[in-house]
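Below is one structure, written out as structure tokens, with a few remarks after it.
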Amino acid sequence: MTPRTLRVGLVSVGWMGRLHSRSYLAARAHYPELPVRAELAVAADPDAGGRAHALDALGYQEAVADYRELMARDDIDIVSICSPNFLHHEVALAAIEAGKPFWIEKPMGRTAAEAGEVATAAAARGLVSAVGFNYRHAPAIAKARELVRSGAIGDITNVRVALLADYSSDPDGALTWRFLRERAGSGVLGDLLSHGADLVQHVVGRIQEVSALTETFIRERPLPAAGAASHFSRGAEGGPRGAVENEDYAAILARLDGGAVAVLESSRVAIGPRAEYTLEVYGTKGSLRWDFQRLNELQLADSHDGYRTIMAGPGFGDFSRFQPGAGTSMGFDDLKTIEAALFLSSVAEGRQLAPSAVDAWAAATVVDAVLDSAERRSWVPVPAVAVPEAVLPTVAAVVR
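Numbering of the sequence shown is given in my numbering, commencing with residue -2 and proceeding in unit increments.
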């Protein structure tokens, strides 16, 4: 049977928009049985350079300046939302109003309230969604979840997650939108620790309450040059500076459903770690460790003889879609290809297979609780999130 074509509309042609585009095309090669294929139709970006790249390099058929033009078109079937954080909520609601399933990068809003509006609106329209929690798609994480949920390492006692990066460690890095509360919301919490919250909840269980502190170590940055927006943009030397409005660092204690405890830490200004994103899970019969910098490896202790390193291979998640055997590595872009395939499958089958807007809302409630706890200097409960199952039975009513 000839696969049905889904015409893609892309909002914002930055790094992640380009990766979404490549991932749609790669999904066709790695998941040939998909009943749908993505066709790169229209890209929206206010920047002329972004529009030119969409046409000349990515192969989009058309490019427009205003995303609203894209949403109004009946010939656009699905939407990728890769804009800056402050536009996620607005653009997602526009996609929902237009009745278009969407794949969105996190955080889905600047606050849990914004994320909740998107999740509940999508459910009310019966729309499937996908959210960019790419680390949960690493084959080693799939195996870790299997081991934890099967009881192979016993009852879970405690979890450690650290997401340490250096992308904002240069004090002369520009004061882009990422450092402004009105545009980004939180800082490293929404950018990185939301991934950590998702990993904990995906592999082990829901975060129930938190006690946290946050800190901003680089309190001023040079104002950006026109158009600067990336993690690595620099300000003009000797130019004016402005205040950083959100956090560089966070440390959290947490309790999970079922009684396990967790420690989560995240920094965007750590000199040394480049992208040291780690998950450790400890149980009464063993423990496991994973580090994104060695994403094809899982360390497992299932005896009292210490850890052994297991290479990801066939039987670990979707590994065999990309490589024939252990030892040949997958990479970051492959995780986004898995994400694209899950989104396309969700749309084709009309049921939620990809991490959903509800999962993004769940992570956002953790972020909000952390900010509240840090301000109050006390333990704060994390509300469970839910959408009415009678409205959309295939969307998870609570985080899975």
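Just so it is clear, CB atoms sit at the ideal spot from N, CA and C, and this is done for glycine as well.
The structure displayed is predicted, hence computed values, not measured ones.
request  = Taking 8 angstroms as the threshold, find out whether the region 286 to 296 comes into contact with the region 122 to 138 through three or more Cβ pairs.
outcome  = The count of Cβ pairs closer than 8 angstroms, one atom from the region 286 to 296 and one from the region 122 to 138, reaches three, so the stretches are in contact.
Item checked: Neighbourhood of Pro0 by C-beta, 7 angstroms cutoff - its chain only, sequence neighbours within 5 removed -> Leu31, Pro32, Val33 and Arg34
Notebook entry, point to check: Going by the beta-carbon positions, is the gap between Arg175 and Glu242 smaller than 7 angstroms?
Noted result: no
- Query: Is the region 347 to 360 touching the region 89 to 104, taking contact as three or more C-beta pairs under 8 angstroms?
  - Reply: yes
- Thinking C-alpha only, which one of Asn131, Gly129 and Lys97 is nearest Ala121? Lys97
Practice problem: Let me know the secondary structure DSSP gives Leu90 once reduced to three states. | Solution: Leu90 falls in the helix class under three-state DSSP.
- Message: Given this structure, state the Cα-to-Cα distance separating Gly322 from Gly239, to the nearest angstrom.
- Response: 51 angstroms
Please list the terminal residues of the continuous beta strand (DSSP E) segment that includes Tyr279. Ala272 to Gly280
Original post:
What are the boundary residues of the beta strand (DSSP E) that Glu234 is part of?
Top reply: Premise fails: Glu234 is in no beta strand (DSSP E) and is neither H nor E.
**Prompt:** Looking at the unbroken beta strand (DSSP E) that takes in Leu3, where does it start and where does it end?
**Reply:** Arg1 to Val8
Compare the C-alpha of Val76 against each of Pro168, His199, Val39 and Arg142 and name the closest.
-> For Val76, the nearest C-alpha among the options comes from Val39.
| query | Alpha carbon to alpha carbon, how far is Asp53 from Lys282? | reply | 55 angstroms
Helix, strand or coil at Trp358 according to DSSP, with G and I counted as helix: helix
Reduced DSSP category for Val207 - H, G, I as helix; E, B as strand; rest coil
strand
Between the region 331 to 340 and the region 122 to 131, do at least 3 Cβ pairs fall closer than 8 angstroms?
Yes, the region 331 to 340 is in contact with the region 122 to 131.
Who are the Cβ neighbours of Ala366 in its own chain at under 6 angstroms, not counting the five residues just before and after it?
The residues are Val207, Val377 and Val379.
Item checked: Proximity to Val8 [Cα-Cα], best of Ala23, Cys79 and Ala118 -> Looking at the Cα atoms, Cys79 is the closest of the given residues.
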